[in-house]
Amino acid sequence: MSAPMPSDRSFQLLEVVPGRMDSSPAVSRRNWPDETKARILEEALAPDANVSAVARRYGMSPSQLFGWRRKAVAKGQVERLETPSEEHACSGGTVEIEIAGAMIRVGPTISEDHLRRVLRAVRSA
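Under this note's numbering, the first residue of the sequence shown carries the number 135, and numbering increases by one thereafter.
The structure is reproduced here in structure tokens:
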């Protein structure tokens, strides 16, 4: 709602000074040291990492960590590991699993999550 216009049609000059908005957090921005940021990113880039859980562990917003991760990957500073590391992979050959008349052959590089999805699909078919 606006104030009524003065009868002499003059204007008033208002000075507005920006201040902290009521809805903004009262804490100031944190300045993360590069070593800490690198350690947090390393955890978040692990193949089986839950980025939101990593962010909560360090008391930060998951969106901030997702942003760090996206920028680091875009700049080529880090790479996401999509395949399991050598220490997690089996040293043996192929494993054969027979379920409901279907033969499933599993190599040493398949992830546990992917194998679970395949087994569930075969069981439900």
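Where is the CB? At the ideal position from N, CA and C, for every residue including glycine.
Owing to the predicted nature of the structure, the values given are computational and were not obtained by experimental measurement.
{"Query": "Simplified DSSP assignment, three categories, for A183", "Result": "coil"}
{"Query": "Anticipated Cβ contact below 8 Å, R204 with A178, distance rounded", "Result": "Incorrect: roughly 11 Å between the Cβ atoms, too far for contact."}
{"Query": "Of the listed residues D142, A189 and K171, nearest to Q211 (C-alpha basis)", "Result": "K171"}
{"Query": "Assigned exposure category for A208 - 16 Cβ within 10 Å defines buried", "Result": "exposed"}
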